[in-house]
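In the numbering used here, the protein residues as written are 20 to 348. Here a beta-carbon is modelled for each residue, glycine too, at the ideal position from N, C-alpha and C. Being a predicted model, the structure only gives us computed values, none of them experimental. Data first, discussion second: the structure below is written as structure tokens.
Right under this line is the structure:
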């Protein structure tokens with residue numbers, strides 16, 4: 020059953036709705052169904068892990084489900100031993116140290132391969148000839164979600180016990196279609212977990228020590244999708260970036276990975292101690308109080324932009340070293 024037939028079935032119940040509105044309703048319902056069920060899953064491998072800590076994700080990326088790390092022998096590495104954390108922002112995957120150390124532009128050398136598993140967005144339905152992104156088995160449940168949403172917001176003609184017609188919200192149809200949709204979601208989730216199709220996540224079970232727990236699958240084949248790394252760390256998201264590392268008592272180092280800023284930076288401070296200040300100046304108007312943002316990766320300090328050429332940090336406590344990231348979108 021193609022989209023055209025589904026649109027026609029909806030139009031019989033809601034004849035005043037335009038074709039474009041109904042197609043939009045199916046787009047929304049299909050997206051929600053895949054978001055709830057993770058029925059469309061794909062794999063990828065990160066390239067150039069010896070020279071990157073950030074990667075651009077595919078356009079159809081929806082949600083990151085898992086990351087697995089392997090050594091040069093294809094053996095899985097335990098994430099807890101790698102001291103890594105990661106975030107997804109604006110379709111970019113970023114790694115950073117979970118203990119405050121600098122990654123120096125690369126993942127730890129013990130890692131030979133990184134593979135990810137992610138759920139996918141559906142293809143947009145644009146016309147009556149568009150194809151659903153899910154198999155025919157799941158399409159009736161998407162129709163149920165469309166009908167649930169429309170019955171919930173659009174008055175229809177109903178008849179009371181006296182045979183009189185009136186316009187109102189058909190709550191019975193809302194509940195019926197909601198129940199059918201939720202049953203479909205449960206069915207799809209069960210199928211994914213049981214591995215009845217290609218969406219099954221690869222895993223091995225280890226029963227040593229504290230009982231059963233899931234381990235990543237041993238490396239054994241190439242993956243169909245390659246995740247292409249950004250040309251520079253975070254350039255796909257931020258237009259300007261610079262990192263400063265202050266070392267006790269009074270040494271300031273500028274990261275070699277800086278880009279976007281036009282000035283030459285310098286810093287003055289006596290020591291990294293509670294109440295002391297560090298002033299970083301630029302020879303150009305690099306800092307904008309409404310745009311420039313700052314993160315402190317391994318310590319605590321207050322900061323303020325005094326002028327387009329000056330940022331001042333005030334330390335809370337005594338640190339041997341503290342790193343500041345300064346960036347603009």
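Just list the alpha helix (DSSP H) runs in the stretch 118-206, keeping only unbroken ones of 4 residues or longer that don't cross its boundaries, in chain order.
158-172
Contact check, residue 46 vs residue 171 under 8 Å by CB: the rounded distance?
At roughly 18 Å, the Cβ-Cβ gap does not stay under 8 Å, so residue 46 and residue 171 are not in contact.
Going by the CB atoms, is the gap between residue 159 and residue 203 shorter than 9 Å?
It is a contact, given that the beta carbons lie within the stated cut-off.
How far does the beta strand (DSSP E) with residue 341 in it reach, from first residue to last?
For residue 341, the enclosing beta strand (DSSP E) covers residues 340-347.
Three-state secondary structure (DSSP) at residue 306?
Note: residue 306 maps to coil in three-state DSSP.
May I have the straight-line CA-CA distance separating residue 168 from residue 197, to the nearest angstrom?
9 Å
Taking C-beta to C-beta, are residue 322 and residue 331 nearer than 9 Å?
yes
Report the option in 24, 342, 56 whose CA atom is closest to the CA atom of residue 205.
56
Let me know if residue 139 comes out buried or exposed under the rule of 16 or more other beta-carbons within 10 Å of its beta-carbon.
buried
Please tell me whether residue 300 and residue 287 are closer than 9 Å, where the distance is taken between their beta carbons.
yes
For a test of the three-state rule: what should DSSP assign to residue 104, helix, strand or coil?
It is a strand residue.
Among 88, 40, 74, which has the Cα closest to the Cα of residue 147?
40
Could you tell me which residues DSSP puts in a beta bridge with residue 298?
287, 331
Is the beta carbon of residue 157 sitting closer than 9 Å to the one on residue 58?
yes
Of the choices 163, 92, 72, 280, whose alpha-carbon is the least far from that of residue 52?
Comparing Cα-Cα distances from residue 52 to each of 163, 92, 72, 280, the minimum goes to 163.
Give the list of continuous beta strand (DSSP E) stretches no shorter than 3 residues that lie fully inside the stretch 40-85.
Whole beta strand (DSSP E) segments, 3+ residues: 60-65, 73-75.
Measure the C-alpha to C-alpha separation of residue 44 and residue 37 and round it to an integer number of angstroms.
11 Å
Use the C-beta contact count for residue 291: other C-beta atoms within 10 angstroms, 16 or more gives buried, fewer gives exposed.
Under this definition residue 291 is a buried residue.
Going along the chain, which residues of its own chain have a beta-carbon closer than 7 Å to the beta-carbon of residue 324, five neighbours each way excluded?
306, 308, 311, 330
Quick one: give me the first and last residue of the beta strand (DSSP E) that residue 112 is part of.
111-116
Three-state secondary structure (DSSP) at residue 325?
strand
Please classify residue 100: is it buried, with 16 or more other beta-carbons within 10 angstroms of its beta-carbon, or exposed?
exposed
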